[in-house]
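For the protein sequence lines, the chains are A and B, in the order given. All the letters of the first sequence, read from the start, carry residue numbers 1 to 485 under the numbering used here. All the letters of the second sequence, read from the start, carry residue numbers 1001 to 1486 under the numbering used here.
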Amino acid sequence: MEYMNKSIKEIHEALLNKEVTSKELIEESLKKSHEVQEKCNAFVSILDDAKETEVTDNLLSGIPYGCKDNYSTKGILSTGSSNTLKDYVPFFSATAIENLQKAGAVMVNKTVMDEFGMGGTGTTGHTGTVLNPWDKTRMTAGSSAGSAAAVAAGVYPYATGSDTGDSIRKPAAYCGIVGYKPTYGMISRYGLFAFASSLDHCGVLTRNVEDAAIVVDNMKGIDKNDMTSWDSSDIHLYQDLNKDVKGKKLCYIKELCNKEMYENADQELIEHLDNFKKTIEKCKELGMEVEEVSVDQTLLNASASVYVVISCAEATSNMSNLTGIIFGPRAEGKNYREMMKNYRTEGFSPLIKRRFVIGSYVLQAQNKDRYFHNAQRVRRLLVDTWKDLFKKYDAVILPVGTGPAKKLEGSNNILDKKTQALDEHLQIGNYGGFPSITIPNGFVSNLPVGVNITGNCYDDQNVLNIAYALEGAMEYKNQIAKEVK
Amino acid sequence: MAKYKACIGLEMHCEISETNTKVFSSAENSYKDTPNANVRPLDMGFPGTLPVINKEAVKMALMASIILGCKQPEYMYFERKNYYYPDMPKNYQITQETKPAPVGIYGSLTYDCKGEEKTVRINNLHLEEDAASLDHYSTYSTIDYNRAGVPLLELVTEPDFRSADEAVSFLETMRAIYQYAGISEADSKKGQIRCDVNVSIMDEDLDDSDLSNFGTKVEIKNVNSFGGVRDAINYEIKRQTELKEDGKYEEMEQQTRRWDEESGTTVYMRSKVDAIDYKYFVEPNIPKYKISKEWIEEIRKTIPELPSERLDKYMNQYNLSKYDATNLIKEKSVSDYFEECLKLGTDPKSASNWITTRILGYINKEVISMEELFITPKMLHELIEMIDKKEISSKQAKDVFYKALEEKKSPKDLVKELGMKQITDDTEIRNIIIGILDENEENIAKYKEGRTNVLDYFVGQVMRATRGKANPSMASSIILEEIEKR
Chain A
1 MEYMNKSIKE IHEALLNKEV TSKELIEESL KKSHEVQEKC NAFVSILDDA KETEVTDNLL
61 SGIPYGCKDN YSTKGILSTG SSNTLKDYVP FFSATAIENL QKAGAVMVNK TVMDEFGMGG
121 TGTTGHTGTV LNPWDKTRMT AGSSAGSAAA VAAGVYPYAT GSDTGDSIRK PAAYCGIVGY
181 KPTYGMISRY GLFAFASSLD HCGVLTRNVE DAAIVVDNMK GIDKNDMTSW DSSDIHLYQD
241 LNKDVKGKKL CYIKELCNKE MYENADQELI EHLDNFKKTI EKCKELGMEV EEVSVDQTLL
301 NASASVYVVI SCAEATSNMS NLTGIIFGPR AEGKNYREMM KNYRTEGFSP LIKRRFVIGS
361 YVLQAQNKDR YFHNAQRVRR LLVDTWKDLF KKYDAVILPV GTGPAKKLEG SNNILDKKTQ
421 ALDEHLQIGN YGGFPSITIP NGFVSNLPVG VNITGNCYDD QNVLNIAYAL EGAMEYKNQI
481 AKEVK
Chain B
1001 MAKYKACIGL EMHCEISETN TKVFSSAENS YKDTPNANVR PLDMGFPGTL PVINKEAVKM
1061 ALMASIILGC KQPEYMYFER KNYYYPDMPK NYQITQETKP APVGIYGSLT YDCKGEEKTV
1121 RINNLHLEED AASLDHYSTY STIDYNRAGV PLLELVTEPD FRSADEAVSF LETMRAIYQY
1181 AGISEADSKK GQIRCDVNVS IMDEDLDDSD LSNFGTKVEI KNVNSFGGVR DAINYEIKRQ
1241 TELKEDGKYE EMEQQTRRWD EESGTTVYMR SKVDAIDYKY FVEPNIPKYK ISKEWIEEIR
1301 KTIPELPSER LDKYMNQYNL SKYDATNLIK EKSVSDYFEE CLKLGTDPKS ASNWITTRIL
1361 GYINKEVISM EELFITPKML HELIEMIDKK EISSKQAKDV FYKALEEKKS PKDLVKELGM
1421 KQITDDTEIR NIIIGILDEN EENIAKYKEG RTNVLDYFVG QVMRATRGKA NPSMASSIIL
1481 EEIEKR
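This is how it looks when you write it as structure tokens:
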């Protein structure tokens, strides 16, 4: 009997009824881990010596899960999928991981990511590319690539992720699963390797909305080690989950969603947008009002640049601690400058270095106002625009990306200006710290596609409920990846 | 030959030593012999660590800001100053940009410089973290992170100083203020105070309130003692003046130099053109911090008695001279010692005299602190009491004082041990005096003729007869009485 492809509640029930033990679950999960590792290269470390835990009232107790490799895990290798930390074993755990540990959850592997979170394809980790379990010629998206692949492949019911520009929510769409990024500061970032501090969020990948609520309930909490965290002790996401969405108001943005806006749209895009419109109809059937709104195209198109500037600038600063002096594989050098330089030159991938160049450039005194401060101003404009929408609407609903997972080879890497805004809008959820969730809403070219629901800060319950209701009206809940031939 | 005036500005960095923990981490803020003992993961820049502001450090910084008459912000932010150096584990320092929102801006301080009252404008005061300490050996260097993350208060003045004396007087005044306010031990021997000095010169007759008249600014970094500040300023003024006289001044560009203690010179480091671009941006991990008016008022009320207040008190209440009062308040430990004596009932003038004429000289010579002085306020009080009760003479007291320090015995015990108690019995002394006068008729006559110094001779004779134990002033008055009778 297999359990790792079931929901958290089902597994917990089986444990309580003694149908299965925590030890057996771990064995199953580890076996699957090795299989998926062969197929998809999703893991940096598989913890074959993972110990079972006591089964308690806590729904997560005794159950295996995966942890993205940018979370500090005490005594366990944490690399950020970077050669600069290829031998780094932290002596403390991230607060969110400690919280899961207290709940009785059992970590069984550390998942591959794009190096330090700086990527959206799953191809830039130091142990190689993560393959999409639905189609091994395609990417999983990133940066929570391994977490998405593993959950989609049924290794366990959930894995932790992080989201700075869309790193939970896009891989979720490409892998046909649920990806949830709660309000900024709901889950403590202490122990999460910083990429862009004002954009980084902790979150989770699961196969259904209820599981996402359960896991985040256990990960969240105000942390004295993180000044940006806040007290959510009066929020009980799983307990208050319901499908009472009648009368709720949603909106979607015409500049992004209407196929007429795209000249020479390819077939996949058209199907994706048509499918999105079907999802809108489902929302209406559930009693929700959905309106079309218009947002200045220039503003939408500016988002991609805003993201590059702010994230590269903050990342460049955040990664300055990586010099090999205290931790990481120290490099040779005649003096400290050479030592630091060689370590960083040898350890970082060319993609990261490119980001550092951009980050340094936009922060230089003569460029700062034109790039960095202007990016911050436009960020403010985008956030204000969304906040204006939230005055009238419960949430913004949008398709994720331009279609299903892109191909790894021969993928058109040239940024298509016309569809860029559609590909990048999830970032706005990071600019404002908005709670945002992706759920699967169909198939295009036999591959999963997703829809995203984003709400106002602190309105996580509302966003989850809308997603929960919508999920219930479709047939993609709990789906496991079936390899597409 | 034209004469020049110097325009000097200071950047004074002072460690806040009086908080329990560091400014952004919970590591202990205290001196430790063992390296890397007072560290938390943040202090060594481990991945995933985050800064958490120490409210007590902010409170102390605000207190300094209030004392200096600065404006406090409604919301306070922190900033990252990005550059690479092994003493900075994150390779950025969390600090505050000079505007708009550091702990304090646009204040001023009035201070005394060799008897004259001067005022300096404070451009800004900001809170930041200190770096680790490096030690360099022949083939390697070591890094001790105990100091990394210690709270640091940086004070930036306008170039209002016109001499090294003014700059140093200001530094001494600020040091005392930090001590009295309970913000810092402010001990430059412990490396708690470091200064950067800006020096420029201009023609003497130019208007120095017009910025366009200012000469080229030279920044001198990391001067770590007040003596160094004085020497560095004087050297730099001389160097720039020589350039002017040699007609080479115009070639000198705005630059940063390093003070070299050994050679007593400033050494070129880099020009303004090569100035490092620190790529400042707001620290995203510390949300803007509200500084309410109520909190400011609360802090204002808790400001301890400041040096200037004690100075006024010493001069006006205790009638001490400005000179003595100034010497007493210079170091808080000295002033506290003085006040402890007063609490025990010592006369202010007596206590003041002993401290300023004997104690200060002693601790300076022995290079010890007031706390390390063997003679406690209680012991000093007892010593002075013995003089007042005429149990010992002033001269004897002086000897007892130094003996007490040397042998580490209390003055009271020493006087007992050595049987030094003076003869204060009127009859006893009188009899001795009568005996002496009986043998000195010519001298009595000389005295009556106006040779008043004969009195000293008589007193000397009394001292000889009593082996120094007679109270000299008593002897003196009795001698006069007896002479009258003859």
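Cβ coordinates follow ideal geometry from the N, Cα and C atoms, glycine included. Predicted model, so just to flag it, every value in this text is computed and none were measured.
Check                                                                                                                                                                          : Outcome
Rounded to the nearest angstrom, how far is the Cβ of A/L495 from that of A/T385, given a contact under 8 angstroms?                                                           : This structure cannot speak to residue 495 of chain A, because chain A is shown only from 1 to 485.
Suppose only complete runs of 3+ residues qualify. What are the beta strand (DSSP E) ranges in the segment 176-228 of chain A, listed by chain order?                          : 178-181, 201-206
Could you tell me whether the Cβ atoms of A/G403 and A/F434 are closer together than 9 angstroms?                                                                              : no
I believe A/L47 touches A/I76 by the beta-carbon criterion, under 8 angstroms. Please report the beta-carbon distance rounded to the nearest angstrom.                         : 7 angstroms
By how many angstroms is the C-alpha of A/E289 removed from the C-alpha of A/T124?                                                                                             : 41 angstroms
Could you tell me the alpha carbon to alpha carbon distance between B/V1267 and B/E1172, rounded to whole angstroms?                                                           : 26 angstroms
Using a Cβ-Cβ distance cut-off of 9 angstroms, determine whether A/M118 contacts chain B.                                                                                      : no
Which class does A/V112 belong to by DSSP, given the choice of helix, strand or coil?                                                                                          : coil
Which of the residues in the segment 70-85 of chain A, read from start to end, lie with their CB under 9 angstroms from any CB of chain B?                                     : N70, Y71, S72, S78, G80, L85
Roughly how many angstroms separate the alpha carbons of A/S349 and B/T1095, rounded to a whole number?                                                                        : 31 angstroms
Please report the straight-line C-alpha distance between B/I1436 and B/Q1461, rounded to a whole angstrom.                                                                     : 7 angstroms
Distance, Cα to Cα, A/V396 vs B/E1018?                                                                                                                                         : 51 angstroms
For A/Y290, name the three-state secondary structure that DSSP assigns.                                                                                                        : In the sequence under discussion, the amino acid at residue 290 of chain A is Val, which differs from the Tyr named in the question. Note: A/V290 maps to strand in three-state DSSP.
Using C-beta distances below 7 angstroms, list every residue in its chain close to A/A467, excluding the 5 sequence neighbours before and after it, in chain order.            : V209, I437, I439, I453
Per DSSP, B/H1013 forms a beta bridge with which residues?                                                                                                                     : B/E1154, B/R1194
Assign A/T345 to buried or exposed, taking buried as 16 or more other Cβ atoms, counted over all protein chains shown, within 10 Å of its Cβ.                                  : exposed
Between which residues of its own chain and B/S1133 is the CB-CB distance below 6 angstroms, once the five residues before and five after are set aside?                       : D1144, R1147
Which residues in the same chain as B/L1155 place their Cβ atom closer than 6 angstroms to its Cβ, once the five residues preceding and following it in sequence are excluded? : M1012, L1125
Ends of the beta strand (DSSP E) at A/P440?                                                                                                                                    : 436-444
How would you list, in chain order, the residues of chain A whose beta-carbon sits under 9 angstroms from the beta-carbon of B/V1052?                                          : K224, N225, D226, M227
Would B/R1194 count as contacting chain A if we go by Cβ distances under 9 angstroms?                                                                                          : no
Is the beta carbon of A/G205 sitting closer than 9 angstroms to the one on A/G161?                                                                                             : The question names Gly, but residue 205 of chain A is Leu in the sequence shown. Yes, Cβ-Cβ distance for A/L205 and A/G161 is below 9 angstroms.
Assuming the contact rule is C-beta atoms closer than 8 angstroms, B/I1016 and B/I1183 should be a hit. Round their C-beta distance to whole Å, please.                        : 6 angstroms
Along chain B, in chain order, which residues have C-beta atoms closer than 7 angstroms to that of A/L363?                                                                     : K1279, F1281
Can you tell which of B/S1209, B/S1163, B/K1412, B/T1021 has the C-alpha that lies nearest to the C-alpha of B/V1229?                                                          : B/S1163
Contact between the segment 1420-1430 of chain B and the segment 1450-1470 of chain B: three or more CB pairs below 8 angstroms?                                               : yes
Let me know the secondary structure DSSP gives B/E1219 once reduced to three states.                                                                                           : strand
What residue range does the beta strand (DSSP E) around B/K1118 cover?                                                                                                         : 1116-1129
Per DSSP, what kind of secondary structure is A/T56 in: helix, strand or coil?                                                                                                 : coil
For B/L1050 and A/D226, which I take to be in contact (beta-carbon distance under 8 angstroms), what is that distance rounded to the nearest angstrom?                         : 5 angstroms
If you reduce the DSSP assignment to three classes, tell me which class A/S22 lands in.                                                                                        : helix
Does B/M1379 get closer than 9 angstroms to chain A when you measure Cβ to Cβ?                                                                                                 : no
Run through chain B and tell me which residues come within less than 7 angstroms of A/A313, C-beta to C-beta.                                                                  : F1281
My output table needs one value for A/Y336: the three-state DSSP class, helix, strand or coil.                                                                                 : helix
Give, in chain order, every residue of the segment 1038-1072 of chain B whose Cβ lies closer than 8 angstroms to some Cβ of chain A.                                           : P1041, M1044, G1045, F1046, P1047, G1048, T1049, L1050, P1051, V1052, I1053
A/I214 to A/V151, Cα distance in whole Å?                                                                                                                                      : 16 angstroms
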